[in-house]
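Note that the working numbering has the sequence shown beginning at 63, numbered continuously upward.
Using N, Cα and C, we set each Cβ at its ideal position, and we do this for glycine too.
Note that the structure is predicted; figures quoted are calculated from it, not measured.
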Amino acid sequence: MKKLTQTQEKLFHAINTDSKPAEWRDWKWQLRHSIKDIDTFEELLGIEFDPDERENVEKTLTKFPMSITPYYLSLIDIDDMENDPIYKQAFPAISELILGKDEHADPLAEDKDSPVPGITHRYPDRVLFLVSNVCSMYCRHCTRKRRVGDEDYIPKREIIQQGLDYIRNTPQIRDVLLSGGDPFLLSNEYLDWILLELDQIEHIEVVRIGTRTPAVLPYRITDELVDMLKRHHPLWINTHFNHPREITASSRLALKKLADAGIPLGNQSVLLAGVNDCPRIMRALVHKLVANRVRPYYLYQCDLSEGLAHFRTPVGKGIEIMESLIGHTSGFSVPTYVIDAPGGGGKIPVMPNYLISWSTNKVILRNFEGVITTYQEPDSYEKSFCDRKCAKCNLQLKLADADEYKSVGIGKLLADYDKTISLTPADNERHQRREDD
Numbered sequence: 063m064k065k066l067t068q069t070q071e072k073l074f075h076a077i078n079t080d081s082k083p084a085e086w087r088d089w090k091w092q093l094r095h096s097i098k099d100i101d102t103f104e105e106l107l108g109i110e111f112d113p114d115e116r117e118n119v120e121k122t123l124t125k126f127p128m129s130i131t132p133y134y135l136s137l138i139d140i141d142d143m144e145n146d147p148i149y150k151q152a153f154p155a156i157s158e159l160i161l162g163k164d165e166h167a168d169p170l171a172e173d174k175d176s177p178v179p180g181i182t183h184r185y186p187d188r189v190l191f192l193v194s195n196v197c198s199m200y201c202r203h204c205t206r207k208r209r210v211g212d213e214d215y216i217p218k219r220e221i222i223q224q225g226l227d228y229i230r231n232t233p234q235i236r237d238v239l240l241s242g243g244d245p246f247l248l249s250n251e252y253l254d255w256i257l258l259e260l261d262q263i264e265h266i267e268v269v270r271i272g273t274r275t276p277a278v279l280p281y282r283i284t285d286e287l288v289d290m291l292k293r294h295h296p297l298w299i300n301t302h303f304n305h306p307r308e309i310t311a312s313s314r315l316a317l318k319k320l321a322d323a324g325i326p327l328g329n330q331s332v333l334l335a336g337v338n339d340c341p342r343i344m345r346a347l348v349h350k351l352v353a354n355r356v357r358p359y360y361l362y363q364c365d366l367s368e369g370l371a372h373f374r375t376p377v378g379k380g381i382e383i384m385e386s387l388i389g390h391t392s393g394f395s396v397p398t399y400v401i402d403a404p405g406g407g408g409k410i411p412v413m414p415n416y417l418i419s420w421s422t423n424k425v426i427l428r429n430f431e432g433v434i435t436t437y438q439e440p441d442s443y444e445k446s447f448c449d450r451k452c453a454k455c456n457l458q459l460k461l462a463d464a465d466e467y468k469s470v471g472i473g474k475l476l477a478d479y480d481k482t483i484s485l486t487p488a489d490n491e492r493h494q495r496r497e498d499d
């Protein structure tokens, strides 16, 4: 295990002189010593805000609290704090109190699409399940600022059970996304119970967990947590890294543990002004992610939540970043740029336009270099007419797994899927006697 950095050692001793250095990597120690006030922030970093700036921060804290893990605090570059992406995501700004006319506490209408506490059912076959209001850090760009930080609590089993009952009684749901807060701020036992309950619902095919802990509290990814998660496949985990500097030796180890456990990893970034609104930064981020077996999943346009106006960029900036990725790096390194539609319309992909024009028999396309080309449509295409009478359709609609039944002879005995243990000639006298008896 690598030694603590000089900054981390300095912070550790400043926080608690009675502790042993190993406690720095104890996620519960990190939570107990989270920085929640300006005095502690100044003391630990050895800085001092001027009176006006301090007053502005105090005003912001009355509406939007602060909580920063010592680990994440240790990543701040105090020599260039004004431009530091870690600082901007963690420390309150007076800009958060500027509320625009188009901003809302619940811009995605998650509460309106909530049939029971904790459940948002927006898409036909999947639900969002908010199982915690607790986060390891209060991100300044959080779309759920109305929930997280205002009231830290873990829903009791009775509340979680209402969500489980809704999922159990709604058979079209095949996919459940656990979010919050952060599900990994639950105890291993509590999260294990939730996952076990979901495992036992026959129509649930996959469970996903959204977590920021690999970026802001990587020590939460313990061997015990990973061993528990491995019992609940198929399980997918989406992380939340916004800047290459968030990918440290500690976060790499956390991601390695999850990937080695056979858990597919994705990443959801938010496009933030002054943090990552740069093609060079985003390219470095996606390259670091895939090098750590994390596939870039979404790049979000910043939501219209209260107090986020200073983080929002024009959509054109997102398009510019996508232009810098598509064709310039591996396809699996390119996230989907989306706007989560205000009012609860769901995620809408917003991508550069590569289809220039089309006619009845050809389409005109351009590539990432600006090369313009044509694609010839088929001269003869007879579509399958769909009258919704599937039993008479000419397409093969046997959608279940194909049976592996082709092997014969010795191949049949070698096949793991076939239970046959011997091949017997049809005129075998011994077997004939069995039939006669």
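*Per DSSP, A403 forms a beta bridge with which residues?*
G408
*For S367, which of helix, strand or coil comes out of DSSP?*
strand
*asked:* Assuming the contact rule is C-beta atoms closer than 8 Å, L327 and L315 should be a hit. Round their C-beta distance to whole Å, please.
replied: With 8 Å as the limit, L327 and L315 do not qualify as a contact, their Cβ atoms being about 14 Å apart.
*In the DSSP assignment, find the alpha helix (DSSP H) that holds R94 and state where it starts and stops.*
89–94
*Grouping DSSP H, G and I as helix and E and B as strand, with all else coil, what is N329?*
Looking at N329 - three-state DSSP - the assignment turns out to be strand.
*How about P341 and I388: are their beta carbons less than 8 Å apart?*
no
*By a C-beta neighbour count over all protein chains shown, 10 Å radius and 16 as the cutoff for buried, is G229 buried or exposed?*
In the sequence under discussion, the amino acid at residue 229 is Ile, which differs from the Gly named in the question. Result: buried.
*Can you tell which of L170, L257, V425 has the C-alpha that lies nearest to the C-alpha of I401?*
L170
*Which term fits Q68, buried or exposed, when burial requires 16 or more other beta carbons within 10 angstroms of its beta carbon?*
exposed
*Specify, as a first and last residue, the run of the alpha helix (DSSP H) that L476 falls within.*
For L476, the uninterrupted alpha helix (DSSP H) run begins and ends at 472–476, by DSSP.
*Considering only the beta carbon of each residue, do L351 and N329 sit closer than 8 Å?*
yes
_Could you give the first and the last residue of the continuous alpha helix (DSSP H) run that contains V352?_
341–353
*Return the first residue and the last residue of the alpha helix (DSSP H) that N415 is part of.*
Where N415 is concerned, there is no enclosing alpha helix (DSSP H), given that its DSSP letter is neither H nor E.
*My guess is that I325 and I299 are in contact by the Cβ rule of under 8 Å, so how many angstroms apart are they, rounded?*
The Cβ separation is near 5 Å, so the contact holds.
_Contacts around M199, its chain only, beta-carbon distance under 8 Å, and the 5 residues preceding and following it disregarded_ = S96, S129, I130, T131, Y134, A152, R274, V278, L279
*In chain order, each beta strand (DSSP E) run of at least 3 residues that lies wholly inside the stretch 225–262*: 237–241
*Could you round the C-beta distance between E439 and N423 to whole angstroms and report it? I think they count as a contact, below 8 Å.*
5 Å
*Please classify E497: is it buried, with 16 or more other beta-carbons within 10 angstroms of its beta-carbon, or exposed?*
exposed
*asked:* Given a cut-off of 8 Å on the beta-carbon distance, is the pair E144 and E368 in contact?
replied: Their beta carbons are not under 8 Å apart, which means E144 does not touch E368 by this criterion.
*asked:* Run through the DSSP bridge pairs and tell me what F191 is partnered with.
replied: For F191, DSSP records a beta bridge to I181, L240.
*If you count every other CB in all the chains shown that lies within 10 Å of the CB of T435, and 16 or more means buried, which is it?*
Around the beta carbon of T435, fewer than 16 other beta carbons lie within 10 angstroms, which makes this residue exposed.
*For F394, I'd like the list of residues in its chain whose CB is within less than 7 Å of its CB, leaving aside the five on either flank, ordered along the chain.*
V352, R357
*Return the first residue and the last residue of the beta strand (DSSP E) that V268 is part of.*
268–272
_Cα-Cα separation between L31 and T182, rounded to whole angstroms_ = The first residue shown for the chain is 63 and the last is 499, placing residue 31 beyond what the model contains.
*For the alpha helix (DSSP H) containing I434, list its first residue and its last residue.*
Unbroken run through I434 is the beta strand (DSSP E), 434–438; no alpha helix (DSSP H).
*Within this structure, are the beta carbons of L511 and V268 separated by less than 8 Å?*
Any property of residue 511 remains undetermined from this structure, which presents the chain solely from 63 to 499.
*Have a look at T301 and E104 and give me their C-alpha separation to the nearest angstrom.*
29 Å
*For A323, which residues from the same chain have a beta carbon less than 6 Å from its beta carbon, with the 5 sequence-adjacent residues on both sides left out?*
V288, K292
*Give the straight-line distance between the Cα atoms of Y215 and N195, rounded to the nearest whole angstrom.*
5 Å
_Proximity winner among P154, L159, L107, relative to D141 (alpha-carbon distances)_ = L107
*Would you give the residue range spanned by the alpha helix (DSSP H) that R496 belongs to?*
491–498
*Reducing DSSP to helix, strand and coil, say where R357 ends up.*
strand
*Can you tell me whether DSSP reads Y200 as helix, strand or coil?*
coil
*asked:* For R374, list the residues DSSP reports as bridge partners.
replied: According to DSSP, R374 bridges with nothing at all.
_Check this for me: beta carbons of F333 and T375, under 8 Å apart or not?_
Note on residue identity: the sequence assigns Leu, not Phe, to residue 333. In this structure, L333 sits near T375, with a CB-CB distance shorter than 8 Å.
*Just tell me which of I271, R202, I77, D139 has its CA closest to the CA of R307.*
D139
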